[in-house]
Amino acid sequence: MAEVTGGTITKVDAESLTITLDDGSVYKLNNEFDFSALKAGQEVQIAYDEVNGENVVTDMDIGN
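Start counting the sequence shown at 36; every next residue gets the next number (the numbering used here).
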């Protein structure tokens with residue numbers, strides 16, 4: 036079952052397919068996500084599963 040969290044994006048790394056939130060947590064995205072729509076300072080709500088020690092995003096809602 037997916038966990039849910041939220042926060043402010045502090046870093047977007049399209050090369051490693053990850054985002055970092057303001058609490059320091061790193062979340063892995065798959066290449067279906069549009070990285071051009073993501074930027075530091077955005078509020079997000081994330082659903083994720085832990086897979087092999089990584090937080091893998093299954094769904095994301097982007098705020099302002």
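Glycine residues also receive a C-beta, built at the ideal position from the N, C-alpha and C atoms.
- Close beta carbons around Gly98, own chain, < 8 Å, minus the five adjacent residues each side: Gln77, Glu78, Val79, Gln80
- Label Val92 either buried or exposed according to how many other C-beta atoms from any shown protein chain fall within 10 Å of its C-beta, with 16 as the threshold for buried. buried
- Task: Could you pull the start and end residues of the beta strand (DSSP E) that Gly98 belongs to?
- Result: Careful: Gly98 lies outside any beta strand (DSSP E) and carries neither H nor E.
- Task: Could you give the DSSP three-state label for Ala82: helix, strand or coil?
- Result: strand
- Task: Report yes if the C-beta of Val47 is less than 7 Å from at least one heavy atom of the ligand PLP; otherwise report no.
- Result: Judged by which ligands are present, the structure shown has none, so any question about the ligand PLP falls away.
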